[in-house]
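Novice: Once you've had a glance at the structure underneath, I'll fire off some questions.
In my numbering, the protein residues as written are 6 to 163.
Right, here's the structure in full:
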């Protein structure tokens, strides 16, 4: 199994206020590196991406009606190659945490919901961030790739 596939994505149950209309959903995300080596990931299209709140990374389901909840999605064109600012280093046996706030989530009162993060690691290097060179960023094919899927947690409405 490649290192990129051993990265573990976990989310904490979001708690939202019943008074915001439509509510925003703050999601606490942690990416854990259980490996013995530091890794550096390209954050594009992952929960570590600053634009993660408008990508289709998070899957919300209405478990009362067994239906997916449609979220607003934005398509972004990225300039290649990525920059060093798009990289996140995760030390061995450590985690990186972020809060992602999903805007305009259409939740119905009295319904129960779950949320999960899913997607792909587009580039993961088994090296510290400062060792990822411009050549690495130009030739993303040298990096490892893999899918991620977080735990499924309930959305709590207070």
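C-beta atoms are modelled at their ideal positions from N, C-alpha and C, and glycine is treated no differently.
1) Identify whether residue 41 lies in helix, strand or coil by the three-state DSSP scheme.
2) With C-beta atoms as the reference, is residue 119 less than 8 Å away from residue 157?
3) With which residues is residue 153 paired in a DSSP beta bridge?
4) Using 8 Å as the threshold, is the C-beta distance between residue 154 and residue 15 below it?
5) When you compare only the Cα positions, how much space is there between residue 59 and residue 42?
6) Restricting to Cα atoms, I'd like to know which of 138, 152, 116, 139 is closest to residue 159.
7) Spatial neighbours of residue 13 within its chain, please: C-beta separation below 6 Å, excluding the five flanking residues on both sides.
8) Which one of 27, 35, 11 has the shortest CA to CA distance from residue 18?
9) Tell me the DSSP secondary structure of residue 143 in three-state form.
10) Exposed or buried, what is residue 129 when buried is set at 16 or more other beta-carbons lying within 10 Å of its beta-carbon?
11) Would residue 47 pass as a contact of residue 87 if the rule is Cβ separation under 8 Å?
Specialist: Based on what the coordinates show:
1) Annotated three-state conformation of residue 41 is coil, per DSSP.
2) In contact: residue 119 and residue 157 (Cβ atoms closer than 8 Å).
3) Within the DSSP secondary-structure output, residue 153 pairs in a beta bridge with 124.
4) No, the Cβ-Cβ distance between residue 154 and residue 15 is not below 8 Å.
5) The alpha-carbon atoms of residue 59 and residue 42 are separated by roughly 31 Å.
6) Comparing C-alpha distances from residue 159 to each of 138, 152, 116, 139 shows the shortest one belongs to 116.
7) Same-chain partners within the cutoff: 37.
8) Of the listed residues, the one whose Cα sits closest to residue 18 is 35.
9) Residue state, collapsed to three classes: helix.
10) Of the residues assessed, residue 129 falls on the buried side of the cut-off, its CB having 16 or more other CB atoms within 10 angstroms.
11) For residue 47 and residue 87, yes; Cβs fall inside 8 Å.
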